[in-house]
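Peer 1: Take this structure first; my questions come after.
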Amino acid sequence: MELEAGERKTAITNSLNKEIQRQIDANAESKKREAERIAAMEAENKRLEELVGELQDAEKLDPNRDHGGISHDSGMRINKVR
(Lines of atoms letter the chains of each structure in order from A and count residues from 1; the text may use other names and numbers.)
(Lines give C-alpha, C1' and ligand atoms only; values in the text may rest on other atoms or scores of the structure.)
Protein backbone atom coordinates (compact mmCIF):
# COMPACT_ATOMS: atom_id res chain seq x y z
CA MET A 1 0.00 0.00 0.00
CA GLU A 2 1.48 3.27 -1.09
CA LEU A 3 0.96 6.44 0.91
CA GLU A 4 -0.58 9.52 -0.59
CA ALA A 5 1.61 12.60 -1.01
CA GLY A 6 0.14 14.31 2.06
CA GLU A 7 0.60 11.18 4.18
CA ARG A 8 4.20 10.80 2.96
CA LYS A 9 4.90 14.42 3.82
CA THR A 10 3.40 13.93 7.29
CA ALA A 11 5.40 10.72 7.84
CA ILE A 12 8.62 12.42 6.75
CA THR A 13 7.91 15.43 8.96
CA ASN A 14 7.18 13.16 11.93
CA SER A 15 10.38 11.19 11.35
CA LEU A 16 12.38 14.39 11.02
CA ASN A 17 10.89 15.81 14.22
CA LYS A 18 11.67 12.59 16.10
CA GLU A 19 15.28 12.67 14.89
CA ILE A 20 15.67 16.33 15.83
CA GLN A 21 14.30 15.59 19.31
CA ARG A 22 16.61 12.59 19.65
CA GLN A 23 19.58 14.82 18.84
CA ILE A 24 18.40 17.50 21.29
CA ASP A 25 18.07 14.87 24.03
CA ALA A 26 21.48 13.36 23.23
CA ASN A 27 23.12 16.79 23.27
CA ALA A 28 21.46 17.67 26.58
CA GLU A 29 22.71 14.42 28.13
CA SER A 30 26.18 15.05 26.77
CA LYS A 31 26.22 18.57 28.21
CA LYS A 32 25.07 17.20 31.57
CA ARG A 33 27.93 14.67 31.63
CA GLU A 34 30.35 17.39 30.53
CA ALA A 35 29.22 19.67 33.40
CA GLU A 36 29.67 16.80 35.87
CA ARG A 37 33.19 16.11 34.59
CA ILE A 38 34.09 19.79 34.73
CA ALA A 39 32.79 20.03 38.31
CA ALA A 40 34.84 16.97 39.30
CA MET A 41 37.95 18.42 37.64
CA GLU A 42 37.43 21.76 39.38
CA ALA A 43 37.03 20.01 42.75
CA GLU A 44 40.22 18.01 42.15
CA ASN A 45 42.04 21.18 41.08
CA LYS A 46 40.93 22.94 44.27
CA ARG A 47 42.08 19.98 46.37
CA LEU A 48 45.48 19.98 44.67
CA GLU A 49 45.87 23.75 45.04
CA GLU A 50 45.13 23.41 48.76
CA LEU A 51 47.65 20.58 49.03
CA VAL A 52 50.31 22.66 47.26
CA GLY A 53 49.61 25.53 49.66
CA GLU A 54 49.95 23.22 52.67
CA LEU A 55 53.18 21.77 51.31
CA GLN A 56 54.60 25.22 50.64
CA ASP A 57 53.76 26.26 54.19
CA ALA A 58 55.40 23.09 55.55
CA GLU A 59 58.47 23.69 53.38
CA LYS A 60 58.91 27.15 54.90
CA LEU A 61 58.95 25.59 58.37
CA ASP A 62 61.43 22.81 57.45
CA PRO A 63 64.74 23.58 59.22
CA ASN A 64 66.62 21.55 56.59
CA ARG A 65 65.13 23.30 53.56
CA ASP A 66 68.40 25.05 52.68
CA HIS A 67 70.59 21.95 53.01
CA GLY A 68 71.64 19.86 50.04
CA GLY A 69 69.80 16.63 49.39
CA ILE A 70 66.32 15.58 50.38
CA SER A 71 65.52 15.56 54.07
CA HIS A 72 63.06 13.14 55.60
CA ASP A 73 60.47 15.93 55.79
CA SER A 74 61.06 16.83 52.14
CA GLY A 75 60.58 13.19 51.17
CA MET A 76 57.32 13.07 53.11
CA ARG A 77 56.06 16.17 51.28
CA ILE A 78 57.05 14.71 47.91
CA ASN A 79 55.20 11.48 48.68
CA LYS A 80 51.99 13.39 49.46
CA VAL A 81 51.86 14.59 45.86
CA ARG A 82 52.30 11.16 44.32
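Going by this note's numbering, the sequence shown wraps up at 327, each residue one higher than the last. Every residue, glycine too, gets a C-beta built ideally from N, C-alpha and C. Here the structure is a predicted model, which means the values were calculated and not measured.
1) Do you know offhand how far residue 311's Cα is from residue 283's?
2) According to DSSP, is residue 309 part of a helix, a strand, or is it coil?
3) With residue 303 and residue 322 assumed to form a contact (beta carbons below 8 Å), what rounded beta-carbon distance in angstroms separates them?
4) Below 8 Å, can you find three or more Cβ-Cβ pairs linking the stretch 252-266 to the stretch 279-297?
5) In terms of residue numbering, what span does the alpha helix (DSSP H) encompassing residue 320 cover?
Peer 2: A quick look at the data gives this:
1) In a straight line, the C-alpha of residue 311 is about 39 Å away from that of residue 283.
2) In this structure, residue 309 counts as coil in the three-state DSSP scheme.
3) The C-beta distance from residue 303 to residue 322 rounds to 6 Å, short enough to fall under 8 Å.
4) A contact between stretches requires three or more CB pairs, one per stretch, nearer than 8 Å, and the stretch 252-266 fails this requirement with the stretch 279-297.
5) Per DSSP, residue 320 is one residue of the alpha helix (DSSP H) stretching across 317-326.
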